[in-house]
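Residue numbers (the numbering used here), protein chains in the order written: chain A, 2 to 434; chain B, 4 to 187. Cβ atoms here follow ideal geometry from the backbone N, Cα and C, with glycine treated the same way. Since the model is a prediction, treat every value here as computed from it, not as a measurement. To start, the structure itself, in structure tokens.
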Amino acid sequence: MPMTMTEKILARASGRTEVGPGDNVWVNVDTLMTHDVCGPGTIGIFKREFGKNAKVWDPEKVVIIPDHYIFTSDDKCHRNVDILREFVREQGIPNYYDVGTKDYKGVCHVALAQEGHTRPGEVLFGTDSHTCMAGAFNQFATGIGNTDAAFILGTGKLLVKVPPTMRFDFDGEFPPYVMAKDVILHVIGDIGVAGATYKAMEFGGDAIKRLTMEERMTVCNMVIEGGGKNGVIDADETTFEYVRARTQKPFEPVVGDPGAAHVFAKRYDASTIEPTVARPHSPDNKARARELGDVRVTRAYIGSCTGGKITDFINAAEIMRGRRVAVDTFLVPATTEIAEGLRTEKVGGETLHAIFEAAGCKLSADASCAACLGGPKDTFGRINGPEVCISTTNRNFPGRMGSKEGQVYLASPYTVAASAVTGRITDPREFLQ
Amino acid sequence: MTASSKIRGKVFVLGDNIDTDQIIPAEYLNLVPTIPEEYEKLGSYALIGLPDGQGRFVPEGEAKTPYSIVLAGRNFGCGSSREHAPIALGAAGGKAVVAESYARIFFRNCVATGELYPVESPVRLVDEFQTGDEAEIDLDENAITNLRSGTRFELNALGDARPVIDAGGLFAYARETGMIPHSA
Ligand code: SF4
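Here is the structure:
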């Protein structure tokens with residue numbers, strides 16, 4: 002039987018020649034990632050179940066990235082990072098990116114990629130739902146809870162049900178004002194927030210092949226907002242170039258077999274996609290940016306794993322250069338590498354940093370998840386009242402960015418930057434043409 | 004099998020797409036579920052992220068809920084992978100959720116932790132029950148009865164998930180079935 006990309010990865014990881022949707026298979030895990038929110042609980046279960054002196058199955062394969070509640074005065078948050086530190090020391094885990102050291106990275110999903118932990122053909126689990134972002138690298142990557150993660154820590158294996166695959170093809174070329182965020186918001190709007198529950202979402206077509214690695218990451222990041230188990234994209238030169246620049250480890254990509262069965266398939270003409278916005282309070286509450294011109298916003302936010310990468314800031318800067326923002330605009334680089342990039346990358350001869358300063362943005366000095374998930378009250382950019390925020394993040398459920406009184410519109414960095422400048426939801430074509 | 008097949012208690016009725024931020028808002032994720040006092044605390048905050056006006060699952064100032072059954076519409080538990088969500092519901096004293104469908108990770112976390120039974124209903128039940136109604140779920144018969152109205156509704160069988168939750172979660176089940184050794 003011909004197999005999809007996801008099926009081939011899971012077949013290899015479970016030592017079988019063939020798997021099909023619905024099969025329950027034990028897979029060998031290549032990488033387990035955890036962070037400061039779920040790491041302490043995972044470690045607690047690991048010790049309770051495998052014993053105080055238990056050792057993790059393979060310290061090289063565990064990656065621990067504190068990123069969520071870092072720059073806060075909350076004591077419990079600091080205690081949680083201490084728990085991670087202690088565990089890393091005791092277990093001899095080399096891949097730990099500690100706060101307050103030069104190793105600190107920031108948002109786990111971007112850090113995983115930048116540090117070479119996302120490799121084609123492999124299996125990655127993480128205690129965070131957006132672990133699916135790594136599917137952009139032709140991996141099987143998905144989010145799990147603490148108990149499953151503790152099981153992996155002890156055994157290196159997890160029981161996985163092979164998902165059926167949905168296929169999304171984009172033919173032709175995306176217009177220059179359309180970004181990966183528009184593409185995925187469009188797809189989620191089409192299938193709904195539960196449209197891909199239990200399923201793999203495979204993306205392909207010429208227009209996807211032309212996307213940069215960071216843009217592909219944005220697409221796969223949000224498959225969970227469509228309910229998807231994982232997202233996946235073919236590996237090609239773009240993938241290899243990114244991965245080889247960041248790790249020496251060997252890897253073996255998979256290619257979906259011709260004729261593999263998909264439970265759903267849809268082809269899009271890439272040229273018809275428009276700047277897209279998800280209105281409160283659901284990522285599938287789709288509208289065109291140009292239809293929302295009378296929605297006033299009180300703040301803008303550019304950050305997170307899905308919307309705080311260097312290309313996201315470059316795109317925002319293209320619009321903000323030489324302009325001033327009309328509302329409070331918070332910028333949070335996802336990782337320290339990106340924070341550094343804000344000082345070195347240039348648009349029109351000026352650094353991103355200079356452009357954003359001149360525009361009047363509030364720039365976080367620290368890389369982290371920040372207000373993407375609200376967090377402790379003193380979190381940078383957190384919504385603490387009835388704000389209307391346009392954001393490059395991935396979720397707009399009630400209270401997601403802090404106060405339940407807030408309203409969050411999700412959009413691409415172009416659309417967020419354009420809206421920050423005008424103070425109302427703005428199609429970026431108003432500035433780009 | 005140790006667990007009883009019947010769950011009886013008051014129901015708490017919710018709508019569609021109840022996400023994990025509503026079940027346990029991110030500001031409480033600094034609590035670590037394996038620390039007993041923090042587990043209890045998580046329970047006291049269960050469903051505190053619901054929009055105002057939807058009532059409290061756990062009364063203010065208390066640690067436990069008077070409702071053992073959460074009844075909801077589609078896509079319950081969507082959003083983050085936080086295991087804190089089923090744990091908060093379980094720690095508060097919730098025994099089961101009955102919903103038309105679940106987000107995958109939430110369902111899996113219910114099973115892995117053994118905190119509560121995520122039962123699927125083939126039909127929409129949120130209009131058939133009111134918060135506070137007394138109900139009984141029969142896991143062997145795959146049915147829920149509204150004891151106020153006397154109406155009985157079919158539920159989907161839990162299938163593979165049932166024995167894992169009955170055992171008390173993934174680890175207990177893995178030991179019972181010899182997938183991992185008995186003593187730690
Ligand atoms: S940036 Fe937001 S979505 Fe991404 S890992 Fe952090 S909290 Fe989650």
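- Query: Shortest alpha-carbon distance to A:Thr-273 belongs to which of A:Asp-379, A:Leu-332, A:Tyr-178 and A:Leu-353?
  - Reply: Counted from its first residue, the first sequence places residue 273 of chain A at position 272. Closest option to A:Thr-273, Cα to Cα, is A:Tyr-178.
- Item | Per-residue contacts from B:Arg-111 into chain A (C-beta, under 8 Å) | Position 108 of the second sequence, counted from the start, is the residue given in the question as residue 111 of chain B. By Cβ distance, chain A contributes Ile-145, Gly-146 and Asp-149.
- Item | Residue interval of the alpha helix (DSSP H) (run including A:Cys-109) | As a position in the first sequence, residue 109 of chain A is number 108, starting the count at 1. Here the alpha helix (DSSP H) through A:Cys-109 covers 109 to 115.
- Neighbourhood of A:Asp-237 by C-beta distance below 7 Å, restricted to the same chain and skipping five residues each side: Translated into the one-based positions of the first sequence, residue 237 of chain A becomes position 236. Only Lys-210 meet the Cβ criterion.
- Query: Are the beta-carbon atoms of A:Cys-133 and A:Thr-148 separated by less than 8 Å?
  - Reply: As a first step, residue 133 of chain A must be located in the first sequence, where it is residue number 132. As a first step, residue 148 of chain A must be located in the first sequence, where it is residue number 147. Not closer than 8 Å, so no.
- Query: Interface residues of chain A around B:Gly-78 at Cβ under 9 Å?
  - Reply: Here residue 78 of chain B corresponds to residue number 75 of the second sequence, with the count starting at 1. For the sequence presented, residue 78 of chain B should be read as Asn rather than Gly. The answer, in chain order, is Gly-193, Val-194, Ala-195, Thr-198 and Gly-228.
- Query: Can you tell me the Cα-Cα spacing of B:Asp-22 and A:Phe-398, whole angstroms?
  - Reply: Within the second sequence, residue 22 of chain B is the residue found at index 19, counting from 1. Within the first sequence, residue 398 of chain A is the residue found at index 397, counting from 1. Going from the Cα of B:Asp-22 to the Cα of A:Phe-398 covers about 7 Å.
- Query: Less than 8 Å separating the beta-carbons of A:Thr-427 and A:Ala-290?
  - Reply: Start at 1 with the first residue of the first sequence, and residue 427 of chain A comes out as number 426. Start at 1 with the first residue of the first sequence, and residue 290 of chain A comes out as number 289. Contact flag set, yes.
- Task: Below 8 Å on the Cβ atoms is my guess for B:Leu-119 versus B:Leu-74; work out the distance and round it to an integer in Å.
- Result: On the second sequence, position 116 is the one that residue 119 of chain B refers to. On the second sequence, position 71 is the one that residue 74 of chain B refers to. Contact flag wrong, Cβ pair sits at about 13 Å.
- Exposure label - A:Gln-115; buried when at least 16 CB within 10 Å: The count along the first sequence starts at 1 and reaches residue 115 of chain A at position 114. Burial call: buried.
- State the DSSP-derived secondary structure class of A:Leu-433, mapped to helix, strand or coil. For the purposes of this step, residue 433 of chain A is identified with residue 432 of the first sequence, where counting begins at 1. Correct three-state label for A:Leu-433: helix.
- Query: Is A:Asp-207 closer than 8 Å to A:Asp-172 when the C-beta atoms are compared?
  - Reply: Taking the first residue of the first sequence as 1, we reach residue 172 of chain A at position 171. Taking the first residue of the first sequence as 1, we reach residue 207 of chain A at position 206. Yes, the Cβ-Cβ distance between A:Asp-172 and A:Asp-207 is below 8 Å.
- Item | Span of the alpha helix (DSSP H) around A:Gly-190 | One-based indexing of the first sequence puts residue 190 of chain A at position 189. Counting along the chain, the alpha helix (DSSP H) containing A:Gly-190 begins and ends at 181 to 192.
- Where A:Phe-432 and B:Glu-139 are concerned, what is the direct C-alpha to C-alpha distance, given to the nearest angstrom? As a position in the first sequence, residue 432 of chain A is number 431, starting the count at 1. As a position in the second sequence, residue 139 of chain B is number 136, starting the count at 1. Taking the straight line joining both Cα atoms gives about 60 Å.
- Message: DSSP three-state label for A:Tyr-243, please.
- Response: Within the first sequence, numbered from 1, the residue matching residue 243 of chain A stands at position 242. Note: A:Tyr-243 maps to helix in three-state DSSP.
- Message: I'd like to know whether the C-beta of B:Asn-159 is nearer than 8 Å to at least one C-beta of chain A.
- Response: Along the second sequence, read from residue 1 onward, the residue named residue 159 of chain B stands at position 156. No, its Cβ sits nowhere closer than 8 Å to a Cβ of chain A.
- Simplified DSSP assignment, three categories, for A:Thr-394: The residue labelled residue 394 of chain A in the question sits at position 393 within the first sequence. Three-state DSSP puts A:Thr-394 in coil, outside helix and strand.
- Message: Using a Cβ-based criterion (distance less than 7 Å to any ligand heavy atom), does A:Asn-147 qualify as near the ligand SF4?
- Response: For this step, residue 147 of chain A is matched to residue 146 along the first sequence. Because no heavy atom of the ligand SF4 lies under 7 Å away, the Cβ of A:Asn-147 does not count as near it: no.
- Message: If you follow the alpha helix (DSSP H) that A:Ile-311 is in, where does it begin and where does it stop?
- Response: If you number the first sequence from 1, residue 311 of chain A lands on position 310. Start and end: 311 to 321.
- Task: Could I get the ranges of all uninterrupted alpha helix (DSSP H) runs contained in the stretch 395 to 427 of chain A, with 4 residues as the minimum, in chain order?
- Result: 414 to 423
- the ligand SF4 heavy atoms versus the CB of B:His-87: any closer than 7 Å? The residue given as residue 87 of chain B occupies position 84 in the second sequence. B:His-87 Cβ: outside cutoff for every heavy atom of the ligand SF4.
- Task: Pull up the distance between the alpha-carbon of A:Gly-376 and that of A:Arg-217, whole angstroms please.
- Result: The count along the first sequence starts at 1 and reaches residue 376 of chain A at position 375. The count along the first sequence starts at 1 and reaches residue 217 of chain A at position 216. Looking at the two C-alpha atoms, the distance is approximately 27 Å.
- Query: Quick one, which of A:Val-296, A:Ala-368 and A:Leu-332 has its alpha-carbon nearest A:Glu-388's?
  - Reply: Position 387 of the first sequence, counted from the first residue, corresponds to residue 388 of chain A. Out of A:Val-296, A:Ala-368 and A:Leu-332, A:Val-296 has the C-alpha closest to the C-alpha of A:Glu-388.
- Going along chain A in order, which residues have a C-beta closer than 8 Å to the C-beta of B:Leu-119? As a position in the second sequence, residue 119 of chain B is number 116, starting the count at 1. Per Cβ cutoff of 8 Å: no residues; B:Leu-119 is ~13 Å from chain A at best.
- Measure from the alpha carbon of A:Thr-239 to the alpha carbon of each residue in A:Ala-195, A:Ser-15 and A:Glu-215, then state which is nearest. The residue given as residue 239 of chain A occupies position 238 in the first sequence. Of A:Ala-195, A:Ser-15 and A:Glu-215, the residue nearest in Cα terms is A:Glu-215.
- Which of helix, strand or coil DSSP assigns to A:Val-82: Numbered from 1 along the first sequence, position 81 holds the residue referred to as residue 82 of chain A. In this structure, A:Val-82 counts as helix in the three-state DSSP scheme.
- Query: Say the cut is 7 Å; is the CB of B:Ser-124 nearer than that to a heavy atom of the ligand SF4?
  - Reply: Along the second sequence, read from residue 1 onward, the residue named residue 124 of chain B stands at position 121. Outside the cutoff, so no.
- Query: Under the DSSP definition of a beta bridge, which residues are partnered with B:Gly-12?
  - Reply: As a position in the second sequence, residue 12 of chain B is number 9, starting the count at 1. Paired residue(s): B:Ala-138.
- Message: Against chain B, with Cβ distances strictly below 8 Å, would A:Asp-75 count as a contact?
- Response: The residue given as residue 75 of chain A occupies position 74 in the first sequence. Yes, its Cβ sits closer than 8 Å to a Cβ of chain B.
- Message: Can you find the residues in the same chain that come closer than 8 Å, C-beta to C-beta, to A:Leu-159, ignoring five residues on each side of it along the sequence?
- Response: By one-based count along the first sequence, residue 159 of chain A stands at place 158. Same-chain partners within the cutoff: Trp-27, Val-28, Val-30, Phe-126, Ile-145, Asp-149, Phe-152 and Ile-153.
- Task: Throw me the rounded Cβ distance for the B:Glu-115 and B:Gly-172 pair, which I believe falls under 8 Å.
- Result: If you number the second sequence from 1, residue 115 of chain B lands on position 112. If you number the second sequence from 1, residue 172 of chain B lands on position 169. Checking the sequence, you will find Ala at residue 115 of chain B rather than Glu. Confirmed, about 6 Å.
- Task: Would you mind giving the Cβ-Cβ distance between B:Gln-25 and B:Gly-52, rounded to the nearest angstrom? I have them listed as a contact below 8 Å.
- Result: Along the second sequence, read from residue 1 onward, the residue named residue 25 of chain B stands at position 22. Along the second sequence, read from residue 1 onward, the residue named residue 52 of chain B stands at position 49. Their Cβ separation, rounded to whole angstroms, is 4 Å, which keeps B:Gln-25 and B:Gly-52 in contact under 8 Å.
- Task: Have a look at A:Tyr-98 and A:Gly-40 and give me their C-alpha separation to the nearest angstrom.
- Result: For the purposes of this step, residue 98 of chain A is identified with residue 97 of the first sequence, where counting begins at 1. For the purposes of this step, residue 40 of chain A is identified with residue 39 of the first sequence, where counting begins at 1. Cα-Cα distance, rounded: 13 Å.
- One or two residues paired with A:Phe-171 in a DSSP bridge: Reading the first sequence from its first residue, position 170 is the one you call residue 171 of chain A. Paired residue(s): A:Tyr-269.
- Span separating the alpha-carbon of A:Gly-16 from that of A:Pro-254: Reading the first sequence from its first residue, position 15 is the one you call residue 16 of chain A. Reading the first sequence from its first residue, position 253 is the one you call residue 254 of chain A. Rounded to whole angstroms, A:Gly-16 to A:Pro-254 spans 16 Å at the Cα level.
- Query: So what does A:Lys-48 bridge to, in DSSP terms?
  - Reply: Within the first sequence, the letter at position 47 stands for residue 48 of chain A. The partner list for A:Lys-48 (beta bridge, DSSP) is empty, contrary to what the question assumes.
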